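One structure is given below, encoded as structure tokens.
In our numbering, the protein residues as written are 4 to 516.
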């Protein structure tokens, strides 16, 4: 029980910072949607920004990041202060060279990247030109975010986490304020969007660089770059991870390709629906995974802890899924509606959101199950699941997108997660690490309660007309139906005697004591 309390507390702590970051991300997307709209420049911006982010998993948050932190932590623990500084300097030089090369290549071949990501945009010359423009001038963002990830690793090794978790707020604020300023002055939005992104990336790097300098490890180039022995060790260890790191950019590329072929405005609508789904998924599931991984690695009762984490996940994810699916038009209108983001865009976003939300349980399961494998140093099973997911997504995308458009891309994403989830379940079962049977005792209670919530909320929501724009009235209506749904869900849990209600009551009583 002590481990379970620690898990819940750790999840709640970082979830607060993540929630603020997600809200700032929504404000950014709301401003962009209102002033750009889903069609034309909105699509072009999303496609252009995807190009540098394709390499982010490789140079910023993927293989290099995953191998750099353990190497630095081991050296720092040994008290080799001078050698640690030289290693950080050499790693900085290496990353400057690698990122600089990719950025230069991306800016030079911007038109080729735009043609690969969104080939159908060539039929609309102005839109294609905007896509090339955004691709070329947003590529330098990759350099800032790669260096920011390096400095984040330095701060994490020294036990500093809060600033790194908060830095996306700088990017979101920079983009939103730049667009608002340009609109206020009546200036073209495209150059100011680029300015906002690059300024935000610089702030993400600069604020963390200052913090790293204060702990004695400034990321200043030097130390021999590729000649440094620890740098070569990091690069050698990173090579096997490139496969798993490469799956994500391929998936993003395919998603962009499919959505851009689904018609004008489809790419931005898929993006908006995905971001809405992540508001719930990112705050709850990602933080639960972050707290779960180290707990599983050191806990003797790992099977029990894993089962408890899955129960917490389903306890939260089922009602969240129902809420987003049943109230998709109202939620999409509340978050993005208004300005140049009109009725068609809201409706298309809502349709995609339904498909994304339907896959939320599978997405959450895959994330936590992968953590179970990582905790026992099995990295192959999650990678195989990712490859399988990619193959299913590619096949489903080619089938669904021509028939259903933007919702088809989201449906292909959800289907791929369910297939990956089934594979991981099979691997856990064959390795003797499957969740305990008590999980199923909770699952059917959660599912039945969520179904009751869906029926009642859907019936009542059909009786009213929601404003499909961002408004106080819309916020009150969505909040009211959300609270109603929560009440129905709790009643369902009470009628089915779900054990989670008893555990929550005990937790609250301990906090009061």
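Backbone N, C-alpha and C define an ideal beta-carbon position, used for all residues, glycine too.
On a predicted model such as this, the values are computed, not experimentally measured, just so you know.
With 16 other Cβ atoms within 10 Å as the buried cut-off, status of residue i
| i | result |
| --- | --- |
| residue 140 | buried |
| residue 277 | buried |
| residue 356 | buried |
| residue 300 | Its pLDDT being 44, under 50, residue 300 is placed unreliably by the model, and the measurement read from it follows with that caveat. Exposed, since its Cβ has fewer than 16 Cβ neighbours within 10 Å. |
| residue 218 | exposed |
| residue 430 | buried |
| residue 385 | buried |
| residue 298 | At residue 298 the pLDDT is 49, less than 50, meaning the model places this residue with poor confidence and gives no usable figure here. |
| residue 207 | buried |
| residue 375 | buried |
| residue 111 | exposed |
| residue 479 | exposed |
| residue 449 | buried |
| residue 184 | exposed |
| residue 362 | buried |
| residue 335 | buried |
| residue 189 | exposed |
| residue 495 | buried |
Sequence-distant residues of its chain with Cβ nearer than 7 Å to residue i (five each side left out)
| i | result |
| --- | --- |
| residue 303 | Its pLDDT being 48, under 50, residue 303 is placed unreliably in this model, and the value from its coordinates should be taken loosely. The answer is none, since no qualifying residue turns up. |
| residue 497 | 504 |
| residue 407 | 414 |
| residue 74 | 233, 236 and 237 |
| residue 446 | 317 |
| residue 359 | 276, 277, 280, 413, 416 and 417 |
| residue 224 | 92, 95, 96 and 99 |
| residue 165 | 20 |
Beta-bridge partners of residue i, as assigned by DSSP
| i | result |
| --- | --- |
| residue 58 | Beta-bridge pairing links residue 58 to no other residue. |
| residue 341 | 344 |
Residue i versus residue j - alpha carbon distance
| i | j | result |
| --- | --- | --- |
| residue 71 | residue 144 | 21 Å |
| residue 487 | residue 86 | 59 Å |
| residue 241 | residue 120 | 27 Å |
| residue 483 | residue 467 | 12 Å |
| residue 317 | residue 157 | 35 Å |
| residue 61 | residue 458 | 44 Å |
| residue 308 | residue 502 | 15 Å |
| residue 389 | residue 256 | 15 Å |
| residue 354 | residue 410 | 6 Å |
| residue 464 | residue 476 | 15 Å |
| residue 426 | residue 245 | 22 Å |
| residue 432 | residue 314 | 18 Å |
| residue 364 | residue 472 | 28 Å |
| residue 150 | residue 211 | 10 Å |
| residue 148 | residue 404 | 32 Å |
| residue 423 | residue 373 | 10 Å |
| residue 129 | residue 39 | 14 Å |
| residue 470 | residue 221 | 51 Å |
| residue 420 | residue 399 | 12 Å |
| residue 444 | residue 283 | 24 Å |
| residue 330 | residue 481 | 8 Å |
| residue 261 | residue 79 | 46 Å |
| residue 509 | residue 187 | 53 Å |
| residue 462 | residue 326 | 13 Å |
Cut-off 6 Å between Cβ atoms - residues of its own chain near residue i, not counting five sequence neighbours on either side
| i | result |
| --- | --- |
| residue 506 | none |
| residue 116 | 54 and 138 |
| residue 131 | 124 and 125 |
| residue 135 | 113, 114 and 117 |
| residue 152 | 63, 64 and 68 |
| residue 198 | 181 |
| residue 204 | 144, 147 and 148 |
| residue 274 | 49 |
| residue 332 | 353 |
Cβ shell of residue i (< 8 Å), same chain only, five flanking positions each side left out
| i | result |
| --- | --- |
| residue 35 | 45, 48, 178, 179, 182 and 196 |
| residue 175 | 24, 27, 28, 30, 31 and 203 |
| residue 169 | 20, 23 and 24 |
8 Å Cβ cutoff, residue i in contact with chain D
| i | result |
| --- | --- |
| residue 244 | You won't find chain D in this structure, because it holds only one protein chain. |
Three or more C-beta pairs under 8 Å: does that hold for the stretch 51-60 against the stretch 240-258? yes
Assess contact between the stretch 366-375 and the stretch 221-233, defined as three or more Cβ pairs (one per stretch) separated by less than 8 Å. Is contact present? no
Indicate whether the contact test is met: 3 or more Cβ pairs, each with one atom in the stretch 374-389 and one in the stretch 337-346, closer than 8 Å. no
With a cut-off of 8 Å, do at least 3 Cβ pairs link the stretch 186-197 to the stretch 234-248? no
Contact the stretch 262-269 vs the stretch 88-103: 3+ CB pairs below 8 Å: no
Three Cβ pairs or more, each shorter than 8 Å: is that satisfied between the stretch 102-116 and the stretch 16-36? no
Three or more beta-carbon pairs under 8 Å between the stretch 321-328 and the stretch 451-465, yes or no? yes
Quick check: the stretch 330-339 against the stretch 393-400, are there 3 or more CB pairs under 8 Å? no
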